[in-house]
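>
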Amino acid sequence: MMDEENKRIRAWFWLTNLPGYGYKKLAALRAAVDDVWELYEIEESVGQEKAEEFLRQVFSLSDIKYSDAEIGAFFDRSLKRRLDKEFEGLAASDINMVCIDSSDYPEKLRDIFDAPYILYYRGRLPEQNHKTVAIVGARACSEYGRSMAKDIAAQLARYGVQIVSGFARGIDTASHNGCLGVDGGRTFAVFGSGINHCYPPENRFTYDEIIQKGGGIISEYRPDTKPLSGFFPMRNRIISGLSDVVIVVEAGVKSGSLITADHSLEQGRTVMALPGRVTDVLSMGCNRLIRQGAAVITCMDDILFCLLYTSDAADDR
């Protein structure tokens with residue numbers, strides 16, 4: 003017999019994999035019930051006719067467009083059986099799942115506007131009571147940027163700060179590896195694919211080491227989901243959402259790292275940037291962030307001060 007926690011995770015697994023059910027529909031449904039498990043068993047509880055009327059009413063009151071096919075997907079029993087079977091396979095594997103209603107769902111992430119309803123992960127999730135810094139930047143970074151990202155991550159890890167990044171080539175990989183080089187350093191990689199896909203593939207050793215050393219590989223996508231370009235901007239909100247401070251090391255003016263910075267500001271996170279030469283293309287994004295009000299990094303004390311400030315601000319709230 004499933005406990006309440008597993009029921010909620012199973013329900014969210016089913017809901018988040020229904021075709022046509024994006025954030026708005028799921029948010030409206032979640033607000034309409036006391037427990038998401040009610041949605042999972044609503045057909046058995048009141049019958050399909052009343053359940054369908056309930057769905058249409060919820061969407062209409064929330065001014066959400068829907069199609070008959072999307073309503074039909076909710077009551078597709080063969081789809082539900084397939085998803086149940088997949089869920090049971092995942093539950094019996096080394097993959098962990100946590101839903102937004104779980105007690106161990108990361109609190110920082112739960113507070114953002116569009117928090118993912120379910121997370122899949124290997125290893126661990128970031129500790130709730132530990133400071134967490136995201137370090138992001140260009141894939142095609144300079145050696146200077148790579149060295150700075152690695153050094154910043156290592157120094158922060160020595161202070162017990164958790165490091166989050168996106169596992170991409172360049173600055174992300176340097177940040178993960180810098181943290182891993184410190185005894186007790188814990189880093190967390192947020193994927194733009196399912197966690198069964200080590201992407202980029204040359205990071206396989208880093209993937210395994212992150213887990214072995216107490217960190218985690220995290221994604222909102224089903225484990226076998228292949229990496230697609232549209233997924234990477236979406237995962238950036240999770241990187242910033244898990245963090246207290248977001249550091250941009252190198253970024254061009256159209257860098258995906260600036261998307262992470264935008265998410266950070268929307269989420270009320272502190273954004274810091276490493277300055278660079280005005281003629282350096284890889285520094286243009288960072289210099290623009292600083293011009294727009296991001297905190298400038300000139301030494302480690304700048305970062306530590308920001309972390310202390312975020313702690314005081316959180317206490318004031």
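Numbering (the working numbering), first residue to last: 3 to 319.
Built from N, CA and C at the ideal position, the CB exists for glycine as well.
None of the values given here were measured: they were computed from a predicted structure.
By DSSP, does glycine 125 sit in helix, in strand, or in coil?
In this structure, glycine 125 counts as strand in the three-state DSSP scheme.
> Determine which residues share a DSSP beta bridge with alanine 275 and list them.
Val250 and Val298, per the DSSP bridge assignment.
> State the Cα-Cα distance for the pair glutamine 269 and serine 242, rounded to the nearest angstrom.
So the alpha carbons of these two residues sit roughly 8 Å apart.
> Taking the DSSP output, what are the residues bridged to glutamine 164?
For glutamine 164, which the question treats as bridged, DSSP gives the partners Thr134.
> Using beta carbons (cut-off 8 Å, strictly below), is alanine 176 in contact with chain B?
The displayed structure is made up of one protein chain only, and chain B is not part of it.
> Express the C-alpha separation of tyrosine 25 and leucine 63 in angstroms, rounding to a whole number.
For leucine 63 and tyrosine 25, the distance between alpha carbons rounds to 16 Å.
> Could you have a look at valine 255 and say whether DSSP puts it in helix, strand or coil?
Valine 255 falls in the coil class under three-state DSSP.
> From lysine 256 to glutamine 294, what distance separates their C-alpha atoms?
Their Cα atoms are separated by approximately 15 Å.
> Which of the three DSSP states is assigned to asparagine 98 in this structure?
Strand at asparagine 98.
> I need the DSSP call for threonine 312, collapsed to helix, strand or coil.
Of the three classes helix, strand and coil, the one that applies to threonine 312 here is helix, per DSSP.
> Verify whether the separation of the beta carbon atoms of glycine 139 and valine 250 is less than 8 Å.
Yes. Within cutoff.
> Please work out which residues of its chain come closer than 6 Å, Cβ to Cβ, to alanine 275, disregarding the five sequence neighbours upstream and downstream, and give them in chain order.
So the list reads Val250, Cys288, Leu291, Ile292 and Ala296, once near-sequence residues are dropped.
> Within a Cβ cutoff of 7 Å, which residues of the same chain sit near lysine 228, ignoring the five residues on either side of it in sequence?
The answer, listed in chain order, is Ser195 and His199.
> Give the DSSP bridge partners of alanine 191, in chain order.
Beta-bridge pairing links alanine 191 to Ser167 and Ile219.
> Which same chain residues end up closer than 8 Å to threonine 272 when comparing Cβ atoms and leaving out the 5 residues on each side of it in sequence?
If we look at threonine 272 and ignore the five residues flanking it on each side, its Cβ neighbours are Asp246, Val247, Val248, Ser266, Ala297, Cys308, Tyr311 and Thr312.
> For a test of the three-state rule: what should DSSP assign to isoleucine 387, helix, strand or coil?
Because the chain is modelled from 3 through 319, residue 387 falls outside the range shown and cannot be assessed.
> Hey, would you say glutamine 164 sits closer than 8 Å to phenylalanine 190, going by beta carbons?
Yes, they are a contact pair.
> Do you know offhand how far arginine 79's Cα is from glutamate 46's?
Cα to Cα, arginine 79 sits roughly 12 Å from glutamate 46.
> Identify which residue in Gly278, Glu109 and Gly217 has its Cα closest to the Cα of alanine 159.
Looking at the Cα atoms, Gly217 is the closest of the given residues.
> If I follow the unbroken alpha helix (DSSP H) through glycine 74, where does it start and stop?
Run containing glycine 74: 70-76, per the alpha helix (DSSP H) assignment.
> Could you give the DSSP three-state label for isoleucine 114: helix, strand or coil?
Here isoleucine 114 sits in coil by DSSP.
> Are valine 192 and arginine 237 touching if we call contact CB-CB under 8 Å?
Yes, Cβ-Cβ distance for valine 192 and arginine 237 is below 8 Å.
> Give the straight-line distance between the Cα atoms of alanine 176 and methionine 150, rounded to the nearest whole angstrom.
So the two alpha carbons sit approximately 9 Å from each other.
> Please report how far the alpha carbon of valine 135 lies from the alpha carbon of serine 221, in whole angstroms.
Approximately 18 Å, taken between the alpha carbons.
> Nearest-angstrom Cα distance between glycine 74 and isoleucine 212?
One C-alpha to the other measures close to 42 Å.
> Between which two residues does the alpha helix (DSSP H) holding isoleucine 66 run?
Element bounds for isoleucine 66: n/a, residue is neither H nor E.
> According to DSSP, simplified to helix, strand and coil, what is aspartate 318?
Note that aspartate 318 has pLDDT 43, beneath the 50 cutoff, so the model's placement of it is unreliable and the number below is only indicative. Helix.
> Between the Cα of aspartate 96 and those of Tyr123, Ala155 and Thr281, spot the shortest distance and give me the residue it belongs to.
For aspartate 96, the nearest C-alpha among the options comes from Tyr123.
> Could you spell out the range, first to last residue, of the alpha helix (DSSP H) harbouring leucine 291?
It spans 286-293 - the alpha helix (DSSP H) in which leucine 291 sits, taken as one unbroken run.
> Can you list, in chain order, the residues of its chain with a C-beta nearer than 7 Å to that of valine 60? Leave out the 5 residues immediately preceding and following it.
Closer than 7 Å at the Cβ level, and outside the excluded window around valine 60, lie Ala30, Leu31 and Ala34.
> Measure the CB-CB distance between arginine 10 and cysteine 101 and report whether it falls below 8 Å.
Yes, these two residues count as a Cβ contact at 8 Å.
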